[in-house]
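Residue 549 is where the sequence shown starts when you use the numbering used here, and the numbers rise one by one after that.
For each residue, glycine too, the CB sits at the ideal point set by N, CA and C.
Quick caveat: nothing in here was measured; it's all calculated off a predicted structure.
What follows is a single structure, written as C-alpha cells, with notes after it.
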Amino acid sequence: MSDDTKRKIAGIDLGTTYSAIAHFDEYGKVDIIPNSDNERITPSVILFEDDEVIVGKIAKNQAVSNPENVVQFVKRHMGEPDWVRVINGREYTPEILSAIILKRIVSDAEDQLGEEITDVVITCPAYFNDNERKATTDAGKIAGLNVLGILNEPTAAAIAYGMNNLEKEVKALVYDLGGGTFDVTILDVKGNNIQVLATDGERRLGGKDWDDVLLNHVAEKFMDEHDIDPREDPEAYQDLVIKVEDAKKSLSKKPQAKIFAQCAGKSLKLSVTREEFQELTLPLLEQTETYLDVVLKKAELNWNDIDVVIHVGGSTRMPAVQEMLQRVTGKGPEKGVNPDECVAIGAAYWAAILMVREANELKEKVDAGQATEEEQQQVEVAQAAVEEAVPEEIVGMLGGVVVTNVNSHSLGIGTVLPGGRRKNLIMIPEQTPLPAKVTKVFGTAQDNQVSVEIKILEGESEDPDECVEIGTCVISDLPPNRPKGSKVSVTYSYNEDGRIEIHARDHETGQEVSTEIRRDAQGLSEEEMDSKGEEIARLLEEGPEAVYDQGYADQGYDDQGYADQGYADQGYADQGYADQGYADQGYADQGYADQGYDDQGGYADQGGYDDQGGYADQGGYDDQGGYADQGGYDDQGGYADQGGYADQGYDDQGGYADQGYDDQGGYADQGYDDQGGYDDQGYADQGGYDDQGYADQGYADQGNEDPGGYGYDDPGGYGYDDQGQYAEDGGYSDSAG
C-alpha cells in the first residue's frame, strides 16, 4: 500500500494543564493511547535542560527545583502575538511551546502503536477567538501534523456521547471546566446529528484559578506565622503550586487535607477543610453559574428542556461543582462519560468523520462528472486511506454524521458613521449556525472608484476598539469609469473550517471579485513552519545544547569560561535574586570572573578585592568600598539599582517595581498603568506577580482591558462618503471599506 494511503488518524485534547490523544483501536473502538509513563493523560508541562527537553510528569515535578526552565499553562497565551517565554536566552512563542507538547504526545503514541500518526483533529475551547484557533492550528502544523480541523471541546464531548448513544434524542448541556478555560454549551443530540444551540464561556477561568485561591490562602497564613511570603521565592512557590493542587484533588474525596509549606528555613503545616475551600472559591463557582443562565437564555430554553448534563474536565470532580450543577439543572452528571478523556475521544471520531466526508465528496464529484483531473486521481487514494484508517463497520455511520456548530463571536466590518464615529457593522452575529452567508448592498463613494478595502472584525461590541481585527481584504480591479453611487453587493461567508470569504459583485457590469482570509501562521510561511518543526523534533531528540551548538556561548560559558554559566538569566535573574547575589550570571563577578587575576598579578574581581584592595563585585562592596549589586548599595555607597531588591519589589525610585508599582509608585503591569490607572490587563497576566512568582496565575484579560485601536478605515474604504459619512444598503460610501 502506498504511503499516501497509510494515514493514521487521532484526536488530541490539547489542554492547559493536561493533554490526551485517542485513536481507533484494532477492534474499531475509540480509545486513549497511553503515554511513555503508561498514563492516559499527560501534564502539559515542558522542562528545558541542556541535553534534553522533557514533557509530562517529570517536567511538572521539576517545576519545584528548576522553575526557571519549566514552562506550563501555555494554552492561556495562545493567540497572543507578543507573548514569549525566554529559556536560556532563546525565545519560545505559544505556538512553538504547544508544538513541543503535541510532538511529544504524538511521539509517545506512535511508540505505543508502532505506526506513524499523520492526521489529527485538535480541540480548543468553544470561546476561543480566531487568533487563538489560528495559533492552535499553527502549533499542529509546526509539530509536523496534518491538521484536519479544530474542534470545539464541548462539541467533541457531545460527539463522544452521541456516538455511544445513537438511539437517543436529547438536549445536552456540556459544562466544561478545564485546567485553564471554561465553556458551557447546549446541544441538540439526535444520534449522529448534533447541533450546537448556544455556547459561551471564559477563556481564563479554570481549575488553576481554584488552585491559586488556595495557594494565596496558605501563603497568607505563612506570612502571619513567619512574616515571609513564600510566593516571592521561586522554589517555595512552585512547591506550593504542586501541594495545593494535590490538596484540591484530595478535598474532592476527603473532608480535610493537610498542606506543608516551606520557605527560607521556615515551615507551616496547615489543615484545610472542604467547607473552608468551598467558601474561599465560591466567587469562582458563582461565575460559572452565571454563564449557565446566559447560555440557556441564548438557546431560548428552560431547565426542563435539558435532558442530559455532561461534565468535562477534571475540575468537574470537585463536589461543589457537582452540587451546583445538580441544584441548577436538576440533573446529575451523565454516567459513562469520562471527564478527562471524552474530548480526545470525540476529536478522534471527528477526524474519521472528516476523512470519510472528504472521500465521499470526491467520489460524488467524479460520479457527477464534475471532478477535475487531479480530483479524479485523488478519489481512489482518499477511499483507500479511509479503508486503512477507519474501521469498515462504522464508515457508513460516520458518513452520515452531521455536526452543526455556531459562531461563538460575531463577525463584522469596520465602518465610520456620520460625525466620524467608528462602528463595527456586525454581519454574522454570534450563535449563528455555520456555515453562514450574509449579503449587503453598498454604493461607491466617488467616481471612477476601482478598489474597496474591508477590515474584518471579531467581537460583539459596536466599538471597533473593543473587537479583534482578524484581517483586511482589498478587492481590486473593479470596472473603471463608473459614477459615484454605483452599487456593489458584498457577501460575507464563514464556513465550518473557519475560513472567511468576501465576495463582491458590481451590479452594473456583473463583474465578480472574491478574496479569502485563511488562518495561516502568524508571520510564518509554510517553509518556516517546516523549519521550526525540524528544530523542535531535534530538541526533543537531542536536547538544546546539541541543537543550538554554539560552543559554550549562551549555553554555559562565556569567553572567559564562567560567565553565563551557573545561573545566567536562567536561574535567578528576574526571579528574585537578580542584583542581589546572583545578578544575571549567578557567579560571574563573584569569584570567577576575569579569570582571577588583574594585570598587576593581584586578585581582581575574583577573590573579593578590587584594584584598590577593597571588596569588589563579590563580597558586597564596590570599588569605593561601598556595597555593590549585592548588599543593596551602588558604587558610591548609595542604594543601587533597586534599593536592594532589583526586579523584586522596588524600582529606581525606591518604589515597588514589576510587582505592584511602577516607577512612580503606582501599580504597574498588575492592574494599573504607569500613572496609577488600570492597564491593558486588569490584573496583568499574573494576578499580582510577574515573572518572579505568579506568572500566568492571575486574572489577565479579565480585568479592565484597555482596548487597542484599530485605526479608521482608509478614505476610499468601504462604508463612507467624502465627508466620512457611513452609507449602507444603497447609500454612498467613500470607498466601500
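According to DSSP, residue pairing for Q743 in a beta bridge involves D736, T952. Assignment of Q804 by DSSP, reduced to helix, strand and coil, places it in the strand class.
Here the alpha carbon of T684 sits roughly 7 Å from the alpha carbon of E643.
Annotated three-state conformation of N617 is helix, per DSSP. Pairwise C-beta distances place the region 621-632 in contact with the region 723-732, as three or more of them are shorter than 8 Å.
Under the DSSP assignment, V856 falls in the beta strand (DSSP E) whose first and last residues are 856-860. Under the three-pair Cβ rule at 8 Å, the region 961-975 counts as touching the region 1006-1013.
In the DSSP assignment, D757 falls within the unbroken alpha helix (DSSP H) covering 755-774. Considering only V891, D1078, N679, the residue with the shortest C-alpha distance to H957 is N679. Taking a contact to require three or more Cβ pairs closer than 8 Å, the region 819-835 and the region 706-719 do not qualify as touching. If one requires a minimum length of 3 residues, the beta strand (DSSP E) runs lying completely within the region 781-826 are 804-811, 814-821, in chain order. Cβ neighbours of S863 within its own chain (closer than 6 Å, five residues either side excluded): L725, G755. Here the alpha carbon of Q931 sits roughly 9 Å from the alpha carbon of L910. By the criterion of a C-beta distance shorter than 7 Å, P1028 is surrounded in its chain by N996, V998, once the five residues flanking it on both sides are discounted. DSSP places N852 in the helix class (H, G or I) of the three-state scheme. Note that the C-beta distance between A706 and I670 is not below 7 Å.
Counting only the Cα atoms, V634 lies some 26 Å from C811.
Around the beta carbon of K1003, 16 or more other beta carbons lie within 10 angstroms, which makes this residue buried. By the CB criterion at 7 Å, K651 and A691 fall inside the cutoff. Per the Cβ contact rule, the region 693-710 is in contact with the region 729-736 (3 or more Cβ pairs under 8 Å).
In the three-state reduction of the DSSP assignment, V938 falls in the coil class. L973: member of the beta strand (DSSP E) spanning 970-976, first to last residue. Secondary structure in the region 1026-1058: the beta strand (DSSP E) runs of 3 residues or longer, each lying completely within the stretch, are 1035-1042, 1048-1054 in chain order. By DSSP's assignment, Y723 forms a beta bridge with V732, H859. In this chain, the alpha helix (DSSP H) harbouring S646 covers 642-661. Excluding sequence positions up to five before and after V1061, its CB lies within less than 6 Å of the CB of I1023, A1052, all in the same chain and listed in chain order.
Around the C-beta of P981, fewer than 16 other C-beta atoms lie within 10 Å, and the residue is accordingly described as exposed. When C-beta atoms of the region 764-773 are compared with those of the region 829-849, fewer than three pairs fall below 8 Å, so the two segments do not count as touching. A check of alpha carbon separations from A746 across F990, E616, L849, E597 identifies L849 as the nearest. When the beta-carbon positions are compared, M1077 and K689 come within less than 7 Å of each other. In this structure, DSSP gives N694 an extended state, which the three-state scheme calls strand. The C-alpha of F572 is placed about 43 Å away from the C-alpha of P782. In this structure, A708 lies near I893, with their beta-carbon atoms less than 7 Å apart.
With contact defined as three or more Cβ pairs closer than 8 Å, the region 892-908 and the region 869-884 are not in contact. In the displayed model, S1009 falls within coil according to three-state DSSP, outside both helix and strand.
In this structure, the CA atom of S655 is about 43 Å from the CA atom of I776.
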